[in-house]
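If you count by the numbering used here, then the sequence shown holds residues 1268 to 1445, one letter each, in order.
Even glycine gets a Cβ: it sits at the ideal position worked out from N, Cα and C.
Comments concern the structure below.
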Amino acid sequence: MRFIATDINGVDLIELEKHSDDRGFFARSFCKEELAANGHDFEVVQANLSFNHHAGTLRGMHYQAAPVGDPKIVRCISGAIYDVVIDLRPDSASYCKWVGAELSATNRNSLIIPAGCAHGFLTLEPDTEVLYLMGAPFVPDLASGVRWNDPAFGISWPEKPAIINDRDANYPDYEPPK
1268 MRFIATDING
1278 VDLIELEKHS
1288 DDRGFFARSF
1298 CKEELAANGH
1308 DFEVVQANLS
1318 FNHHAGTLRG
1328 MHYQAAPVGD
1338 PKIVRCISGA
1348 IYDVVIDLRP
1358 DSASYCKWVG
1368 AELSATNRNS
1378 LIIPAGCAHG
1388 FLTLEPDTEV
1398 LYLMGAPFVP
1408 DLASGVRWND
1418 PAFGISWPEK
1428 PAIINDRDAN
1438 YPDYEPPK
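Put into structure tokens, the structure is as follows:
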């Protein structure tokens, strides 16, 4: 596993280190020790799968509030997505900044996302599946989100979403915590 830092502290792009031969390849896609050696204390407590019929489907931008948070590792296992993370940690040097990366079944990359960040994605191909390894349980009362096109963040999406649910489309403008 190769960890590539992004502009948000704690958000790394993870590339597989493939061991190839005439059969194909083998690669480690999760290793608690390698994560820890790269500054990520992460334990899987839940795995989620998102299937999306159509290209242009937007899911997000979701987060789970403190004290639980929702650290995660996201990988696209079929199709392709443009994956976006927003830093919502007020004490972070990258507060209100965002990063985006294409994750696909072809590149097999993943993103590790710490608690305190909002996450979402736009599907780039039909029949796209996204696997989430979650580092905390889901707590419905702490679930929240910010709008995908909120001017507070200025996210540059590769295209306008064709499909988005009402909840994700109608989050109010972001108000920093007081």
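### Message
Output needed for V1335: all residues of its chain with C-beta closer than 6 Å, excluding positions within five of it in sequence on either side, in chain order.
### Response
By the criterion of a C-beta distance shorter than 6 Å, V1335 is surrounded in its chain by A1403, V1406 and L1409, once the five residues flanking it on both sides are discounted.
#### Entry: Beta-bridge partners of S1345, as assigned by DSSP
Answer is E1396.
### Message
Taking 8 Å as the threshold (C-beta atoms), are D1435 and R1290 in contact?
### Response
Result no, Cβ atoms of R1290 and D1435 do not sit closer than 8 Å.
### Message
Quick check on the burial criterion: 16 or more other C-beta atoms within 10 angstroms. Buried or exposed for D1274?
### Response
With fewer than 16 other Cβ atoms within 10 Å, it is exposed.
### Message
When you compare the stretch 1291-1309 with the stretch 1354-1371, are there three or more beta-carbon pairs, one atom per stretch, that lie closer than 8 Å?
### Response
Too few Cβ pairs lie closer than 8 Å, so no.
### Query
What three-state label does DSSP hand L1409 in the structure shown?
In this structure, L1409 counts as helix in the three-state DSSP scheme.
### Query
Is R1356 helix, strand or coil by DSSP?
In the structure shown, R1356 sits in coil (DSSP, three-state: anything other than H, G, I, E or B).
### Query
Quick one: Cα of M1268 to Cα of Y1438, how far?
One C-alpha to the other measures close to 36 Å.
### Nearest neighbour of S1345, chosen from V1352, P1443, I1431 and E1392 [CA to CA]
Of V1352, P1443, I1431 and E1392, the residue nearest in Cα terms is E1392.
#### Entry: Where the beta strand (DSSP E) containing R1434 begins and where it ends
R1434 -> not in any beta strand (DSSP E); alpha helix (DSSP H) instead, spanning D1433 to A1436.
### Query
For the beta strand (DSSP E) that L1378 lies in, which residues bound it at each end?
For L1378, the enclosing beta strand (DSSP E) stretches over residues S1377 to I1380.
### Query
With which residues is V1312 paired in a DSSP beta bridge?
For V1312, which the question treats as bridged, DSSP gives no partner whatsoever.
### Selected residue, minimal CA-CA separation from I1353, among C1343, L1370, K1445 and I1380
Among C1343, L1370, K1445 and I1380, the Cα nearest to that of I1353 belongs to I1380.
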